[in-house]
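Accompanying notes for the structure given below.
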Amino acid sequence: MVNTIDINPDMTVDETLRKYPKAQTVFVRYGVDTCCGGFRKIRDGARIAGVELEKLLTELTTAAS
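Positions in the sequence shown are counted from 1; adding 257 to them yields this note's numbering.
Structure, rendered in structure tokens:
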């Protein structure tokens, strides 16, 4: 069985971390709040941290693999 990584911009940071704990390193690297900002969608966390959304999603998917 192949596990597919499904990380999308509308997932919350917290939801992403619960499904893919290895994503933590990427969020930390780019300064995306994983504590108090965990309720935010990835797209909002990227915007607030000043990170290009597509780059963040690519790296999150790679880390989660």
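C-beta: ideal position from N, C-alpha, C; glycine also. Remember, it's a predicted structure, so these values are computed and weren't measured experimentally.
Item	Value
Residue range of the unbroken alpha helix (DSSP H) whose run includes V283	281-286
Integer-rounded CB distance, given that A320 should sit under 8 angstroms from A280	5 angstroms
Beta-carbon contacts of L317 that lie in its chain and below 6 angstroms, excluding the five residues immediately before and after	I264, A280, V283
Extent of the continuous alpha helix (DSSP H) to which T273 belongs	270-276
Same chain, Cβ closer than 8 angstroms to V285, neighbours up to 5 away in sequence not counted	T291
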